[in-house]
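Data first, discussion second: the structure below is written as structure tokens.
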Amino acid sequence: MTYILDGLKVIDAATFVAAPAAATMLSDFGADVIKIEPPQGDGCRIWHGDSEVDYCWLLTSRNKRGICLDLKKPAGRDLLKQLLYTADVFLTDLLEHEIRRYEIEYETLQQTNPRLIYAHVSDYGRRGPDRNQPGSGIASWWGRTGIFDALSPLSEQAMHSMSGIGDHVAALGLLSAVMMALYQREKTGEGRFVSTSLVASGCYANGLALQGAITSNKSDKVQGEVGRGRPSTRCYRTRDGNSVVLIVVSLVQEWPGIAKALGHKEWLRDPEFQDMDLSQQGRDKLLSRIASAISELNLKDLCQMLDQHGLAYSIVEKAGDVISDAHLIENEIFVRTNSDLPEYEWTVSNPIDIQGFEKKQPTEGPEIGEHSEQILKAMGLSESKIKDLIAAGVVHKTN
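Below, the structure is given as structure tokens:
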């Protein structure tokens, strides 16, 4: 099997999700990705809440080989630099002081490997007073970008965030930057430093609301009302306890279909809704009628009627429903792995398809230092040298 990124050598020296997820997508398309882990293992391994399965690691580290290096030791840093001499792409999320401590600044690595694409992801960007501020996706992607506020209920209670969402958006941005840099390298032969941040990807994801704030001179009250109380963004509860999002682009044009689908043709003759009054009072009455009608229908019957009248909607699925959705499986959004682990029979594919090229079937992520010896031998180190490095605690391997 030939993959579109066959022959591309990638070093993943990042933790948790954003940069490693970009490396995972490269590996899906055939890149040889070597995962660098510290002696205690990547923090992503224990990021699984109450579950006994390290599902974050399974998702983010598939198709990678793993080497465990202690970068606090000079010999460990030397081994990383040797790996980078022949690498095409280096992905990291290390902070500025860590990059300086390990002597892996782009300018330094560029001298020995001018073709290297150096890809960096941070929480708050590479400039400004907050560039080295400790953060996480909850703070930088959800909080700093207005997304938390936009999703908070009118009661002003804090909105619950979902793990990894901001990281995966940032990963797609970093992947795009890497691929553009590789394209440029084909023309010039030179590598490039590329970067993104969680706060930048969060602002871009929330771009419509933020552009609206710019246009309306940063009116928080206006922003607080955007998308709330409108039929196009409202979830409705059915009689059997399910929820449906009804999408209405043009209420005037789609109102007849809504009334008929919900079994209330008489609404079309109701003078109260002849002019589609969308004042607050008019919206409240309209929403109340729609909600009441939907609450009397089972999900299956409601969907049939909405389909019959060509109305756009979506069932609000729980995670357990999503992973068994036949339509999503047919579109290879969920794919089978080659693992024998019952908890890893399926995984979530990356969202990119390229006609004529397959993705690699996902494998299990490496154990800590699983491929340390294999990788070092390929670098030309002797068995005795490798044993010395292991004995000195510079290199770790799976027992």
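Start counting the sequence shown at 6; every next residue gets the next number (the numbering used here).
Virtual Cβ for every residue (Gly too), placed ideally from N, Cα, C.
Worksheet item: In angstroms, rounded to a whole number, what distance separates the CA positions of Arg105 and Ile252?
Response: Roughly 51 Å separates the two Cα atoms.
Discussion item. Let me make sure I understand the geometry here. Which of Thr117, Leu100, Glu103 has the alpha-carbon closest to that of Lys86?
Written reply: When only C-alpha atoms are compared, the closest one is Thr117.
Practice prompt. Can you give me the Cβ contacts of Leu267 inside the same chain, cut-off strictly under 6 Å, excluding the 5 residues immediately before and after it?
Written response: Its chain contains Ala298 as the residues whose beta carbon lies nearer than 6 Å to that of Leu267, once the 5 sequence neighbours on both sides are disregarded; these appear in chain order.
Item to complete: Starting from Trp351, trace the beta strand (DSSP E) both ways and give me its first and last residue.
Response: Per DSSP, Trp351 belongs to the beta strand (DSSP E) from 351–353.
Item to complete: Tell me the start and end of each unbroken beta strand (DSSP E) in the stretch 287–372 that is at least 3 residues and wholly inside, in chain order.
Response: Entirely contained in the stretch 287–372, the beta strand (DSSP E) runs reaching 3 residues are, in chain order, 317–320, 339–341, 351–353.
Worksheet entry | Secondary structure of Glu112, DSSP reduced to three states | Three-state DSSP puts Glu112 in a helix.
Discussion item. Check this for me: beta carbons of Leu100 and Asn137, under 9 Å apart or not?
Written reply: With respect to Asn137, Leu100 sits close: the two C-beta atoms are nearer than 9 Å.
Worksheet item: For the beta strand (DSSP E) that contains Ser127, what are its first and last residues?
Response: In this chain, the beta strand (DSSP E) harbouring Ser127 covers 122–127.
Worksheet item: How about Leu333 and Phe339: are their beta carbons less than 9 Å apart?
Response: Yes. Within cutoff.
Practice prompt. Name the two residues that bound the continuous alpha helix (DSSP H) containing Phe153.
Written response: 152–156 is the extent of the alpha helix (DSSP H) around Phe153.
Discussion item. What would DSSP say about Asp37, mapped onto helix, strand or coil?
Written reply: Here Asp37 sits in strand by DSSP.
Worksheet item: Helix, strand or coil: how does DSSP classify Leu394 here?
Response: In the three-state reduction of the DSSP assignment, Leu394 falls in the helix class, which pools H, G and I.
Practice prompt. Tell me whether His102 is buried or exposed, calling it buried when 16 or more other Cβ atoms sit within 10 Å of its Cβ.
Written response: Around the CB of His102, fewer than 16 other CB atoms lie within 10 Å, so the residue is classed as exposed.
Practice prompt. Determine the DSSP secondary structure at Tyr209, reduced to helix, strand or coil.
Written response: It is helical.
Worksheet entry | Asp98 - DSSP class collapsed to helix/strand/coil | It is coil, neither helix nor strand.
Discussion item. Could you check whether the Cβ of Thr403 sits closer than 9 Å to any Cβ belonging to chain B?
Written reply: Going by chain labels, chain B is absent from the structure shown, which holds only one protein chain.
Item to complete: With a threshold of 16 other CB atoms inside 10 Å of the CB of Ile391, please say whether the residue is buried or exposed.
Response: Flag for Ile391 reads buried.
Discussion item. Please state whether the Cβ-Cβ distance between Leu76 and Ile41 is less than 9 Å.
Written reply: In this structure, Ile41 lies closer than 9 Å to Leu76 by Cβ.
Item to complete: Keeping to the same chain, check which residues put their C-beta closer than 8 Å to that of Gly398; ignore five residues upstream and five downstream.
Response: Contacts found: Pro44, Asp75, Lys78.
Worksheet item: Gly406 and Ser202 look like a contact to me (Cβ under 8 Å); what is the Cβ gap, rounded to whole Å?
Response: It is not possible to answer for residue 406, since the shown part of the chain is limited to 6 through 404.
Practice prompt. Please state whether DSSP places Arg106 in a helix, a strand or coil.
Written response: Arg106 falls in the helix class under three-state DSSP.
Discussion item. Given this structure, state the Cα-to-Cα distance separating Ser56 from Val15, to the nearest angstrom.
Written reply: Going by the C-alpha atoms only, they are around 30 Å apart.
Worksheet item: Is it true that the CB of Leu96 sits closer than 9 Å to the CB of Ala24?
Response: Yes; because the gap between Cβ atoms is below 9 Å, this pair is in contact.
Discussion item. If I follow the unbroken alpha helix (DSSP H) through Tyr188, where does it start and stop?
Written reply: It spans 170–193 - the alpha helix (DSSP H) in which Tyr188 sits, taken as one unbroken run.
Worksheet item: Just curious, the alpha helix (DSSP H) that Asp75 is in, first and last residue?
Response: Per DSSP, Asp75 lies in no alpha helix (DSSP H) and is assigned neither H nor E.
Discussion item. Give me the DSSP bridge partner(s) of Lys69.
Written reply: Paired residue(s): Val38.
Item to complete: Give me whichever residues DSSP pairs with Phe198 in a beta bridge.
Response: According to DSSP, Phe198 bridges with Tyr123.
Discussion item. For the beta strand (DSSP E) containing Leu251, name the first residue and the last one.
Written reply: Start and end: 248–252.
Fill in: Limits of the beta strand (DSSP E) - the one that Ile51 falls within
From DSSP, Ile51 is part of no beta strand (DSSP E); its letter is neither H nor E.
Item to complete: Check whether the Cβ atoms of Ser66 and Cys49 sit closer than 9 Å, and answer yes or no.
Response: Yes, these two residues count as a Cβ contact at 9 Å.
Worksheet entry | Where Val22 sits in the DSSP three-state scheme | Reduced to three states, the DSSP call for Val22 is coil.
Worksheet item: What whole-angstrom Cβ distance do Val249 and Ile359 have, given they're in contact under 8 Å?
Response: That pair is no contact at about 34 Å.
Worksheet item: Any idea which residues DSSP pairs Ile16 with across the strands?
Response: Answer is Ile39, Phe95, bridged to Ile16.
Worksheet entry | For Tyr241, the first and last residue of its enclosing beta strand (DSSP E) | Segment 240–242, the beta strand (DSSP E) holding Tyr241.
Item to complete: Could you tell me which of Asp128, Phe34, Phe21 sits nearest to Gly46, measuring between CA atoms?
Response: Of the listed residues, the one whose Cα sits closest to Gly46 is Phe21.
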